[in-house]
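These notes concern the structure reproduced below.
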Amino acid sequence: MVGEPNLYTRVGEVIHYIWDPIGISEAPGARDEYDTYLPDIMSILSTKPPEALVKYLSWIVTERMGLSANPQHDLKVVEILFSWKEFFSDITETQGN
C-alpha cells in the first residue's frame, strides 16, 4: 500500500479542499470532516484503477451523505489524486536509486 506520510497528507488536502461535497473547506474547524474516508481512499488509490476510486467517491456522496453524485467532479479529483501518487512514487524511486 502506498503509505507515504506526504501522500496521505496530500490526499487529505485534495479530499478536503477540492472534492468537498458538503462545502466545508473554508471552515477551519472542519479540516478533519472527511478523515474517516482516507484509509479506504488510500487503499483504493494503491491497489485499484482510477475508475474504482471514482465509484467510491460517488458512493460516499450518494449513500453516506445522501447527496446527488457529480461523477465529472469525482473524476477530476481522482485524476489529481493519481497525479500525487505518481509524483510521490517518482520521488521514492529517485531516492532509492
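Counted from 1, the sequence shown has number 27 at position 27 by this note's numbering; the numbering is strictly sequential.
Beta carbons: idealized from backbone N, C-alpha and C, even for Gly.
Could you give the DSSP three-state label for residue 58: helix, strand or coil? Residue 58: helix per DSSP, three-state reduction.
Ignore the nearest five residues each way along the sequence and tell me which others in residue 78's own chain have a CB closer than 6 Å to its CB. 50, 53, 54
- Item | Within 7 Å, strictly: CB atoms of residue 11 and residue 75 | no
Roughly how many angstroms separate the alpha carbons of residue 19 and residue 95, rounded to a whole number? Cα-Cα distance, rounded: 31 Å.
**Asked** From residue 21 to residue 58, what distance separates their C-alpha atoms?
**Response** In this structure, the CA atom of residue 21 is about 10 Å from the CA atom of residue 58.
If you count every other CB in all the chains shown that lies within 10 Å of the CB of residue 87, and 16 or more means buried, which is it? exposed
Using CA atoms only, rank isn't needed, just tell me which of 43, 16, 56 is closest to residue 26. 16
| said: Taking its Cβ as the centre, do 16 or more other Cβ atoms sit within 10 Å of residue 98, making it buried, or is it exposed? | reply: It is not possible to answer for residue 98, since the shown part of the chain is limited to 1 through 97.
*Beta-carbon proximity of residue 128 to residue 13, cut-off 7 Å*: The question about residue 128 has no answer, for the chain in this structure spans 1 to 97.
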